[in-house]
Amino acid sequence: MLVALPRHSGIDAALDYLSPVALPVGQLVRVPLGRRVVMGVAWDGGASEPADPGHPDDRAHPSHPTHPADPVAVGEAADLKPVAEVLEALPPLDAGWCELVRFAAGYYQRSLGELALTVLPPELRDVDGVQLQRRLKRLAKRSAVPSIAGEVPGAPTLPALSEDQQAVLTALAASAPATHLLHGVTGSGKTEVYLRAAEAELAKGRQVLVLVPEINLTPQLEARFAQRFPAHRLVSLHSGLTPAQRLQHWLAAHLGQAQLVLGTRMAVFASLPRLGLIVVDEEHDPSYKQQEGARYSARDLAVWRGRQANVAVLLGSATPSLETWLNATPAPEGPGRYQRLAMPRRIGDGGLPAVRLLDLQRVVGMHGSRVMREHPLAPELLAALRERVARGEQSFVLLNRRGYAPVLHCTGCGWKSGCPHCSAWRVFHKVDRSLRCHHCGFSERVPRACPVCGDPDIQPMGRGTERLEEQLAEQLPGARIGRIDADTTRSKGSLESQLAAVHAGEVDVLVGTQMVAKGHDFRRMTLVAAVNADSALFSSDFRAPERLFALLLQAAGRAGRDAAHAARSEMWIQTWYPDHPLYQALQAQDYEAFAASQLAERRVASLPPFSCLALLRAEARSQEAALGFLHEAARAAEALGALQAGVQIYPPVPAALQRVANVERAQMLLEAPLRPPLQRLLAAWVPRLQEANRGEHRVLRWAVDVDPQAI
Numbered sequence: 009m010l011v012a013l014p015r016h017s018g019i020d021a022a023l024d025y026l027s028p029v030a031l032p033v034g035q036l037v038r039v040p041l042g043r044r045v046v047m048g049v050a051w052d053g054g055a056s057e058p059a060d061p062g063h064p065d066d067r068a069h070p071s072h073p074t075h076p077a078d079p080v081a082v083g084e085a086a087d088l089k090p091v092a093e094v095l096e097a098l099p100p101l102d103a104g105w106c107e108l109v110r111f112a113a114g115y116y117q118r119s120l121g122e123l124a125l126t127v128l129p130p131e132l133r134d135v136d137g138v139q140l141q142r143r144l145k146r147l148a149k150r151s152a153v154p155s156i157a158g159e160v161p162g163a164p165t166l167p168a169l170s171e172d173q174q175a176v177l178t179a180l181a182a183s184a185p186a187t188h189l190l191h192g193v194t195g196s197g198k199t200e201v202y203l204r205a206a207e208a209e210l211a212k213g214r215q216v217l218v219l220v221p222e223i224n225l226t227p228q229l230e231a232r233f234a235q236r237f238p239a240h241r242l243v244s245l246h247s248g249l250t251p252a253q254r255l256q257h258w259l260a261a262h263l264g265q266a267q268l269v270l271g272t273r274m275a276v277f278a279s280l281p282r283l284g285l286i287v288v289d290e291e292h293d294p295s296y297k298q299q300e301g302a303r304y305s306a307r308d309l310a311v312w313r314g315r316q317a318n319v320a321v322l323l324g325s326a327t328p329s330l331e332t333w334l335n336a337t338p339a340p341e342g343p344g345r346y347q348r349l350a351m352p353r354r355i356g357d358g359g360l361p362a363v364r365l366l367d368l369q370r371v372v373g374m375h376g377s378r379v380m381r382e383h384p385l386a387p388e389l390l391a392a393l394r395e396r397v398a399r400g401e402q403s404f405v406l407l408n409r410r411g412y413a414p415v416l417h418c419t420g421c422g423w424k425s426g427c428p429h430c431s432a433w434r435v436f437h438k439v440d441r442s443l444r445c446h447h448c449g450f451s452e453r454v455p456r457a458c459p460v461c462g463d464p465d466i467q468p469m470g471r472g473t474e475r476l477e478e479q480l481a482e483q484l485p486g487a488r489i490g491r492i493d494a495d496t497t498r499s500k501g502s503l504e505s506q507l508a509a510v511h512a513g514e515v516d517v518l519v520g521t522q523m524v525a526k527g528h529d530f531r532r533m534t535l536v537a538a539v540n541a542d543s544a545l546f547s548s549d550f551r552a553p554e555r556l557f558a559l560l561l562q563a564a565g566r567a568g569r570d571a572a573h574a575a576r577s578e579m580w581i582q583t584w585y586p587d588h589p590l591y592q593a594l595q596a597q598d599y600e601a602f603a604a605s606q607l608a609e610r611r612v613a614s615l616p617p618f619s620c621l622a623l624l625r626a627e628a629r630s631q632e633a634a635l636g637f638l639h640e641a642a643r644a645a646e647a648l649g650a651l652q653a654g655v656q657i658y659p660p661v662p663a664a665l666q667r668v669a670n671v672e673r674a675q676m677l678l679e680a681p682l683r684p685p686l687q688r689l690l691a692a693w694v695p696r697l698q699e700a701n702r703g704e705h706r707v708l709r710w711a712v713d714v715d716p717q718a719i
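Its first residue numbered 9, the sequence shown is counted upward by one per residue in our numbering.
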């Protein structure tokens, strides 16, 4: 019998073992591998299938047969090692899960066993049959607990539906299982639609999977679902859980004891034998793309899984990704693969916050350049903040940069606080007087004088959230200033407690990064201000405008969510470029116009979603070695007929962040107008890359990133 193992060599790496009985595909077993006994998954002989998980070039092009659900044949060769143990206490992973793993391994060019074992809970990979029995007994004792949030007595009171919500739910009920884009403005009540759609599936005895982009968005959504469905067991799956918690929650889902599973991107691989609905909240968020190991897109796999299982998929966003928007555009303008469900109005018909562009050139002309050098906010914006504080309302100031200052510099010799291990600056954190690299983690105390010339006049350059908080406290005496970023939320429970303080009205002005800009329902907030948004306008990343527009529109949506405050809610943007088309579209709050202009530009430039990309990344001790490997990889691709297949190979270049932790990084981009030729080339190319890395130009690591989100 074949067993998929956690091996990195070979896209379809699986080994033969002897088994006394035929085992079903998906059965977990323990087998000898070298001197160890490791976990494996009983598999069949089918190869990985390089298909398309629902992108604009969405064509069925299977090049391998799919596996049957029949038992795996018993091995007969006398020299095969026997299976050490069959974990019979656990039901096999079902055929749908195996198909998902097979597809993802083939599409993202990873070893089948590597992916299959990586997406299982780490603690499951290390248990034997006896330990598993103990876990299952403990789980059985807890199965009477309906929800991790505790039982809520009495039936919950359902809120009245808006006209838009009712229309969406009616359309969902009338349609066959399909992928739907729920395009609703911030505050339009998308979560209530998720709850009602989940309720319909739970009533049929089915399971519901809800994906969120970041851990910090799980607590409040988890609380909403637990409150609405007190009689159903809800579990979460994300990296913030302990290994034991993650295993318990996974087992509850796999055994069908948990009807609701809420998690981050890893949860797309949850074993759900009665799957009835998949919800992907904030589907545009780049956090759904895994950036290490198997670089999969959880959103795209959710679409593929829904189609494979014949269940509805709800993709929710106020600012959909351009790929999703195009897929939801009806013919003849688009492919029309998704059904678009619009919710253009806020609950209670409250208006969206007015967007005001604060021209910094005019501010400097009126008040002088010294004002903007010494103070983070223009006088007009400060006055608006004071008005909110005086009225007992809340404000949110967005600065997507943590720390006190991005860099320290010497006014005498020009020294800057670079990281000795990375091609990046070390960030100044005033709270602990440290210089910290946010890439490799290297940290040192701030020197008393310049380490080069000895000048004690070392000054911070730029501004982070820590410095902004300090300056606002000086300029708004008496106001209660709060800060939420990655530095203030490190300890367990700190994020929840800080958000609770904001909801309770204990904070007048909240300073935060993008982790606060989406998904949170602040009822007292009437003003949002964006500081330093211009830095993303001229990025080399072609997706930067799309992400900036989404971030600012999502941030604006934190204001005016209470209908009583909607009329005077505003979003202020300090900018040197008020006439930029992105800001003009944002001021009109016209996502459709912005998407149309971006798609037109990408069509002309042959950029996704009108082309397909793959990125080969290499890491080595020297830049020469990394580039040498990539040049050899390019020659191998050309030998395989890449150019004849229409795949463009761009010259290797250093990565945008060239060195991290003393490791040099380089990359090479491949582009094709259609997905099938690119996938066929990648499938033949990856084994050649393994051979190339044994030759003269060896690298520490290399990886193929299909549909990269950062270039």
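Here a beta-carbon is modelled for each residue, glycine too, at the ideal position from N, C-alpha and C.
Roughly how many whole angstroms lie between the Cα atoms of residue i and residue j?
i	j	result
S279	D102	8 Å
G3	D493	Residue 3 lies beyond the residue range present for the chain, which begins at 9 and ends at 719; the question has no answer from this structure.
G703	L249	41 Å
A626	A634	6 Å
A97	K212	27 Å
E131	L41	18 Å
R214	A231	20 Å
Q402	V193	21 Å
E672	Q666	6 Å
Q117	A302	8 Å
V216	P553	34 Å
V397	L480	12 Å
R683	G462	58 Å
V612	V707	36 Å
E413	K438	A quick correction: the sequence has Ala, not Glu, at residue 413. Whole-angstrom Cα-Cα distance: 9 Å.
G314	A175	23 Å
T187	Y346	5 Å
E57	A691	The predicted position of E57 is uncertain, since its pLDDT is 43 and thus under 50; a value taken from the coordinates is nonetheless stated next. Using only the alpha carbons, I get a separation of about 10 Å.
P76	P100	Residue placement at P76 cannot be trusted, given a pLDDT of 35 that sits under 50; what the coordinates show is reported in the next sentence. One C-alpha to the other measures close to 14 Å.
C427	S442	13 Å
L349	P281	28 Å
Please confirm whether residue i and residue j have their CB atoms less than 7 Å apart.
i	j	result
A563	A525	yes
V201	Q235	no
L594	V363	yes
F602	H705	no
R434	C445	yes
V276	A320	no
L623	Q656	no
L177	L88	no
P659	E331	no
G104	A317	yes
Tell me where the beta strand (DSSP E) around residue i begins and ends.
i	result
R475	Looking at the DSSP string, R475 is not in any beta strand (DSSP E); the run it does join, the alpha helix (DSSP H), is 473-483.
V176	Counting along the chain, V176 falls outside any beta strand (DSSP E), though it belongs to the alpha helix (DSSP H) covering 171-182.
M47	44-51
L255	Element bounds for L255: not the beta strand (DSSP E) but the alpha helix (DSSP H), 251-262.
Q402	402-406
V288	283-289
V243	242-245
V37	36-41
Look up residue i in the DSSP assignment and give the residues it is bridged to.
i	result
T187	V321
W7	In the structure as shown, the chain begins at 9 and stops at 719. Residue 7 is therefore absent and cannot be evaluated.
Q687	Its beta-bridge partners do not exist; DSSP assigns none.
H417	K424, Q467
E679	L621, Q656
Q582	L366
Between which two residues does the alpha helix (DSSP H) holding residue i run?
i	result
H375	368-375
S605	599-613
E504	502-511
F514	It should be noted that the sequence gives Glu, not Phe, for residue 514. E514 -> no alpha helix (DSSP H), and no H or E assigned at all.
R748	An answer regarding residue 748 cannot be provided, because it is not within the stretch 9 to 719 covered by the chain.
H639	631-647
Does the distance between the C-beta of residue i and the nearest non-hydrogen atom of the ligand SAH fall short of 6 Å?
i	result
A112	For the ligand SAH, the structure offers nothing, since it holds no ligand at all.
**Unbroken stretches of the beta strand (DSSP E), 3 residues or longer, contained in the segment 294-363** = For the segment 294-363, whole beta strand (DSSP E) runs of length 3 or above, ordered along the chain, are 320-325, 347-351.
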